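Its first residue numbered 1, the sequence shown is counted upward by one per residue in the UniProt record's numbering.
Virtual Cβ for every residue (Gly too), placed ideally from N, Cα, C.
Keep in mind that this is a model prediction, so the values were computed, not measured.
What follows is a set of notes on a single structure, which appears directly below.
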Amino acid sequence: MKRFRNVNVEAGDLVRALSRPRELKDTSYLIRDFELGAPLAPNQVRILWVDDYNINNDVPSIIVTSRENISSLLPRLLALPSAVTPVTSAMKAWAVEDFGCENPYEFKQLDATRALGFVGLIIGELTSLISSEADLRTMGMDSVRRTLSFVCAQAIIRGWQGKSLSGLAERWLEASEITENEVNFTTVTNILSLSDFLRTLSDSSEGKEASSEILGHQIQAWLERQIDWGQRDLLQRTIPQITRELRAVSSREKRYDIVMDALGSSNDKSRSPLELGFLISLIELGSFEFLDLARSMDSSGLVVAAYCAFAVMLGRESALRNFNGFGWTVLNQGLQLNSEVTSDISIGELRILLDRRRSAPLPFRTRSPWLIDVELAPMIVGSFANVAKRKASSQRTQETSEAIEREEALRGSLMIAMRALEEACGIVEGQRLRSGSTLGKPRGRKK
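Printed below as a string of structure tokens:
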């Protein structure tokens, strides 16, 4: 449990108060982390310092206030002559509305089933965006942090659920648009739906290790809650019935036939990507060999994402070893969160610095030269390609290349001119020598 020193001030007095941070800190009092989101008066700002003897810093760690106040305060803080840019890289600005009943410093690690599901979902989201699965063999955590699946996993670990997840996905979309990252809106909606399914999965599985039968019942229950079955062309058999039939079959070829027969018994438009991905994963548990089949089922990549999620949940260690152990990397480095989360900037400040109405975006320091780590909500961070910087770098590279070409062309022209000059000098010198030899020749005597 973290402890903070806290003092509340009026929003209109914040800038003046921050000009005397030592005096301000001296008036603070201790609070616990679960009190960070306590109700505030509309015009109040909660100023917080981490209470740690190893940290001797008068600059506040966090300010908490309403979204409306944050929107008006950040431009004022950025306008200060001594302002650090981004402000939120040094002092987090959190909206009190984002707290609800949750404490951002409290988190519960995902159980094995959900953790494996999110590893697979991240693999599926990346696979649907790249040209070759071979690329996964060399990918690192920066690629993982760019996925919506990773952001949703962080949020669920922090206690977010339901409608709050939808709001978080909207911020992720907004950050993608501000940073000029391309986004498929259908894919975002579908990834959000799969993330919410994974959130509910463990809630009702009572800690049991996932099996095809348990997952089959979970999917069936989920679909019944999500879909009006009176409007749906049902599979001839339920998912639990199909999983029971497959349990007795060891031949991959026979399992393939059973799954394809089940998929072929329903109208294409009525199929849920969740069930399509699950049934394809049952052909060979833990295998990614049927990615092309999953791709052929829809163009949005959702069936691929669902297939990968179930492949990892059912294959466990064998699935994690695929793609040069990429799954292990995601599980150990991506989903084992701690209480310290760093970011380059908050989404509120990102709106200001990369406002498209500016003649040019304002530059600011980032952890990676090509990525921006954006805090979307308290302790929830997503990474986005720094497209503006890449464009500027590309333009500088092009300008440098053009300058080199001009220099080479000029050098070539100079060489041609020098050769022409040398030839002209040679001609003149030759004529001079011939003229000199004629003048120096003795004249003959007259007879």
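Contact set for residue i: own chain, Cβ-Cβ below 8 Å, skip 5 residues either direction
| i | result |
| --- | --- |
| W172 | L148, V151, V188, L376, G382 |
| P39 | V96 |
| S143 | L126 |
| I258 | I242, E245, L246, V249 |
| Y256 | I283 |
| N184 | S300, G301 |
Nonlocal neighbours in the same chain, by C-beta distance under 7 Å from residue i, ignoring five residues either side
| i | result |
| --- | --- |
| A115 | L331, L335 |
| L293 | I280 |
| V59 | P21, A90, M91 |
| R351 | I178 |
| H217 | P240 |
| A248 | none |
| L30 | R3, R5, D51 |
| K25 | R5, W49, D58 |
| G348 | I70, S71, L74, A93 |
For residue i, the residue or residues it bridges with in DSSP
| i | result |
| --- | --- |
| S383 | D373 |
| N184 | In DSSP, N184 forms no bridge with anything. |
| N69 | According to DSSP, N69 bridges with nothing at all. |
| F4 | I31, V50 |
| Q44 | E10 |
Residues near residue i by beta carbon distance below 6 Å, same chain, minus five either side
| i | result |
| --- | --- |
| L276 | M297, V303 |
| I380 | Q154, A155 |
| S394 | Note that S394 scores a pLDDT of 49, beneath 50, so its modelled location is shaky and nothing firm can be said. |
| I123 | C308 |
| G315 | L285, G286 |
| K447 | Any reading at K447 must be qualified, since the residue scores a pLDDT of 47, below 50, and its modelled position is unreliable; no value is offered. |
| N181 | F384, A385 |
Best match in the options for proximity to residue i [C-alpha to C-alpha]
| i | options | result |
| --- | --- | --- |
| residue 485 | L36, V374, G167 | Summary: the structure shown does not reach residue 485, with the chain confined to residues 1 through 447, and so no result is reported for it. |
| S368 | D344, V119, R5, Q218 | D344 |
| D135 | G325, E284, F34 | G325 |
| W94 | F288, L414, A112, L36 | L36 |
| R43 | S287, E170, E10, V84 | As written in the sequence, residue 43 is Asn, which differs from the Arg given in the question. Comparing Cα-Cα distances from N43 to each of S287, E170, E10, V84, the minimum goes to E10. |
| M141 | G264, A41, Q333 | Q333 |
| T200 | Y256, L165, A417 | L165 |
| I191 | A305, L285, G117 | A305 |
| V119 | R406, E408, A221, F323 | F323 |
| A17 | I47, A41, A221, R32 | I47 |
Residue range of the beta strand (DSSP E) that includes residue i
| i | result |
| --- | --- |
| V312 | Where V312 is concerned, there is no enclosing beta strand (DSSP E), although the alpha helix (DSSP H) it sits in stretches over 302–315. |
| I352 | Where I352 is concerned, there is no enclosing beta strand (DSSP E), although the alpha helix (DSSP H) it sits in stretches over 347–353. |
| I62 | 62–65 |
| A95 | 92–95 |
Residue i - containing alpha helix (DSSP H), residue span
| i | result |
| --- | --- |
| K163 | 162–178 |
| L24 | 21–26 |
| R145 | 141–145 |
| Y256 | 252–264 |
| T113 | 112–129 |
| E275 | 273–281 |
| N324 | 322–329 |
| D292 | 291–297 |
| A221 | 212–226 |
| P81 | Counting along the chain, P81 falls outside any alpha helix (DSSP H), and DSSP gives it neither H nor E. |
| E106 | Per DSSP, E106 belongs to no alpha helix (DSSP H) and is neither H nor E. |
| L337 | No alpha helix (DSSP H) contains L337, which DSSP labels as neither H nor E. |
| E245 | 239–247 |
| A38 | No alpha helix (DSSP H) contains A38, which DSSP labels as neither H nor E. |
| S287 | Per DSSP, S287 belongs to no alpha helix (DSSP H) and is neither H nor E. |
Any non-hydrogen atom of the ligand ADP closer than 7 Å to residue i Cβ
| i | result |
| --- | --- |
| G286 | Because no ligand of any kind appears in the structure shown, any question about the ligand ADP cannot be addressed here. |
Within-8 Å CB hit, residue i to chain B
| i | result |
| --- | --- |
| L36 | Any reference to chain B falls outside this structure, which holds one protein chain only. |
>> Closer than 8 Å is the cut-off here; do at least three beta carbon pairs connect the region 93–112 with the region 59–70?
In response: Contact between the region 93–112 and the region 59–70 is present, with at least three C-beta pairs closer than 8 Å.
> Does the region 153–163 touch the region 76–85, meaning 3 or more C-beta pairs lie closer than 8 Å?
Replying inline: Two segments are said to touch when three or more pairs of C-beta atoms, one from each, lie closer than 8 Å; by this definition the region 76–85 does not touch the region 153–163.
>> Does the region 103–117 come into contact with the region 85–92, if we say contact requires no fewer than three beta-carbon pairs (one atom in each stretch) closer than 8 Å?
In response: The region 103–117 makes no contact with the region 85–92: fewer than 3 CB pairs, one atom from each, lie closer than 8 Å.
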